[in-house]
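Chains as they are written, first to last, in the working numbering: chain A, 17 to 363; chain B, 17 to 363.
Using N, Cα and C, we set each Cβ at its ideal position, and we do this for glycine too.
Structure below.
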């Protein structure tokens, strides 16, 4: 193990005692997952909940209450005494302030400048960390998954947007804004289509799932995607990753061609990122990649080989994320462990 | 001063004694500069030399001999005893291996897998470090110049190529290959013109000096750049940064429009880099920027504002490099000082 790798691993070494445990939360727009873990990062219990209530007002306070509930449920299920709770880690969509522990202005959740770290710390009387969910997920892959033996890691997660994250020498790179890693807003074509961010030509305006689904819906309407049309119709909302993968498996050649084209396009932008930061691991994840891992890894590898400089591509491996739904909680728990271990060493 | 900033500054603190000094070398394709510096980074003496001999064979050994000569000359001029030499830092074009101290395969110099660090260490019996010249130059700006109070720094240096370098938290980012920072090979348009690297659409194929000069030569030929035509003719080789700046100053409007367009194009790619790594400082340097600093800073600032995400652009300042020709030797000397200080602390 290299000195830096060892340092990163040491940062996570914990002795929480027999009853000690952590809780990590993956806060999503539709559902949330809380996992209670011991100091070997084994999941003792987990609890899931819809993020928004089915009825009644949807306010920050209401959703905060639901987050507390799902944490309580995980604690309860773990069978550990509450006194053993050593820390809580939250992975949340951004933009957020990881230093101040504040949810700034979430697109699908009713939080605006919400000091979630302070609120949870007061309620649970324990250490709390907040991290962007994409960062936490990539950090999970770095600590326990597909990027375990890497140093400089680029994560690319095509979904509704195209999430990105960077790890340099064992640490999440936040940059000056706290919000580095916006791979989806790297420019593919400055005169390209309007992006959700209001600018033009961002890669996610071309190759995010809604844009891909739009192209596929057009195929379905004109009879070029018979299996997709039968399975999911032509509503962009219903053309989800699973339906796309099934259509390709069933033989919709034009569906496959479109998805390959967009995966390759993502790869061209990834090549720009590779030429800039020279990672040794490029982790692909998210719904599309979960369902069509080989296709995405193949096309991105091909694009990076074509548009990356040979001596920068040489040490690089393009891989599929392998922790699935657990990546965010594993990463968030690792960050909690590092915080606790750091405190312990100082104290 | 932030803890990280202070750490970086501490790394450079040296006590070399009354006679102690360092020598830093900026090894260029046409000329080289060696500067002898004391432990306050004051230049005691400097010496310049053509890199290649005017007559006779041009081999790695011959050029190595000339490098030794220019170092000896700087030592001699400094008036310090040779016994006071505490270290040598070399800034060289790449590709090179900064860890192994090897010049891998330089485009304009007769070095191929040349172990320059080992050779200089044997000859001068002192600590030697090797760094890419663009990295060393940006590090000089970080330690003493335009990026002094920044944390995450992106350097963009348009010239024959478009050099790039990155500093994260006070350290040069080398990445997995040792050669990160290839801004010039970020893709502007995957179907664009052939680049010197053999790929298509790299930003330097559009906006490097030769490409800009080509566009300007075409203007000159068709009578749209009278001042430029009178001053430099229509030979791309003679359309250098100074001539371009003079033509703009004299009123060649179309020359100005072309240069602004290419500076803006560089800015679009810089915006992609900003969205990925979120720097707080973007340093522009190199010949074109030396001559037309305001134009480049203005256009890049405008492009970054247009194509960067607002919360990533907010902490960013776009500035012109301010150490000029001394940047590389200042940066190389800083790296030597850090190496010596690190050894001293360990020893």
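| Item | Value |
| --- | --- |
| With a 10 Å radius around its C-beta and 16 neighbouring C-beta atoms as the bar for buried, classify residue 72 of chain B as buried or exposed. | exposed |
| What are the residues that DSSP puts in a beta bridge with residue 130 of chain A? | A:119 |
| Compare the C-beta of residue 3 of chain A against all C-beta atoms of chain B and say whether one is closer than 7 Å. | As shown, chain A starts at 17 and ends at 363. That puts residue 3 of chain A outside it, with no answer to give. |
| Any idea if residue 341 of chain B is buried or exposed, counting beta-carbon neighbours within 10 angstroms, 16 or more meaning buried? | exposed |
| In its own chain, which residues sit with a C-beta less than 7 Å from the C-beta of residue 221 of chain B, not counting the 5 before and 5 after it? | 208, 209, 210, 211, 227 |
| Flag residue 168 of chain B as yes if its beta-carbon sits less than 7 Å from any beta-carbon of chain A, otherwise no. | yes |
| Give the interface partners of residue 359 of chain A over in chain B, defined as CB-CB distance under 9 Å, in chain order. | Those within 9 Å of residue 359 of chain A in chain B number zero; the least Cβ separation is about 16 Å. |
| Suppose contacts are defined by Cβ-Cβ distances below 7 Å. Is residue 339 of chain A in contact with residue 172 of chain A by that definition? | no |
| From residue 363 of chain B to residue 118 of chain A, what does the alpha carbon distance come to, in whole angstroms? | Its pLDDT being 47, under 50, residue 363 of chain B is placed unreliably in this model, and the coordinates cannot settle the point. |
| Figure out for me which residue from A:282, A:330, A:328, A:293 has the closest Cα to the Cα of residue 313 of chain A. | A:282 |
| List the residues that DSSP assigns as beta-bridge partners of residue 218 of chain A. | A:203 |
| Please name the residues in the region 178-191 of chain B whose beta-carbon is closer than 9 Å to at least one beta-carbon of chain D, in chain order. | Here chain D cannot be found, since the structure's protein chains are A and B. |
| If you check the beta carbons only, do residue 233 of chain B and residue 250 of chain B fall under 7 Å apart? | yes |
| Is the region 307-327 of chain B touching the region 126-137 of chain B in the sense that three or more CB pairs, one from each, lie closer than 8 Å? | no |
| For residue 143 of chain B and residue 159 of chain A, what's the separation of their Cα atoms in angstroms? | 36 Å |
| Does the beta carbon of residue 284 of chain A sit closer than 7 Å to a beta carbon anywhere in chain B? | yes |
| Determine the chain B residues that contact residue 197 of chain A at a beta-carbon separation under 9 Å, and present them in chain order. | 291, 292, 293, 294 |
| Evaluate contact between the region 289-304 of chain A and the region 172-186 of chain A, counting only Cβ atoms and requiring at least three cross-stretch pairs below 8 Å. | yes |
| Put residue 425 of chain B into one of helix, strand or coil per three-state DSSP. | This structure does not reach residue 425 of chain B, given that chain B is present from 17 up to 363, and the question cannot be answered. |
| Please determine, among A:99, A:77, A:345, the residue with the shortest C-alpha to C-alpha distance to residue 107 of chain A. | A:345 |
| Select from the region 213-244 of chain B all residues with a C-beta closer than 7 Å to any C-beta belonging to chain A, and list them in chain order. | 213, 215 |
| Taking its Cβ as the centre, do 16 or more other Cβ atoms sit within 10 Å of residue 157 of chain A, making it buried, or is it exposed? | buried |
| Between the alpha carbons of residue 311 of chain B and residue 101 of chain A, how many angstroms are there, rounded? | 57 Å |
| Cutting at 8 Å between CB atoms, please list the residues of its own chain near residue 98 of chain B, excluding the five before and the five after it. | 91 |
| Measure from the alpha carbon of residue 147 of chain A to the alpha carbon of each residue in A:163, A:116, A:248, then state which is nearest. | A:116 |
| In angstroms, rounded to a whole number, what distance separates the CA positions of residue 183 of chain A and residue 154 of chain A? | 8 Å |
| Within 7 Å of any Cβ in chain A, is that where the Cβ of residue 193 of chain B sits? | yes |
| Looking at the unbroken alpha helix (DSSP H) that takes in residue 272 of chain A, where does it start and where does it end? | 269-293 |
| Please list the terminal residues of the continuous beta strand (DSSP E) segment that includes residue 77 of chain B. | Taken as a continuous stretch (DSSP letters only), residue 77 of chain B belongs to no beta strand (DSSP E), being part of the alpha helix (DSSP H) at 76-94. |
| Helix, strand or coil for residue 54 of chain A per DSSP? | coil |
| Let's test the definition: count the other Cβ atoms within 10 Å of the Cβ of residue 17 of chain A and tell me whether it reaches 16, buried, or not, exposed. | With a pLDDT of 49 at residue 17 of chain A, under the threshold of 50, the modelled position of that residue is not reliable, and the figure given next carries that caveat. So residue 17 of chain A counts as exposed. |
| Whose C-beta lies closer than 7 Å to the C-beta of residue 315 of chain A among residues of the same chain, with five residues either side of it excluded? | 276, 279, 280, 283 |
| Drop a sphere of 10 angstroms on the beta-carbon of residue 66 of chain B, count the other beta-carbons inside from all chains shown, and report buried for 16 or more, exposed for fewer. | exposed |
| Measure from the C-beta of residue 325 of chain A to each C-beta in chain B and report whether the shortest distance is under 7 Å. | yes |
| How is the beta strand (DSSP E) around residue 299 of chain B delimited, first residue to last? | 297-300 |
| With distance defined between alpha-carbon atoms, name the residue in A:78, A:336, A:88, A:76 nearest to residue 62 of chain A. | A:88 |
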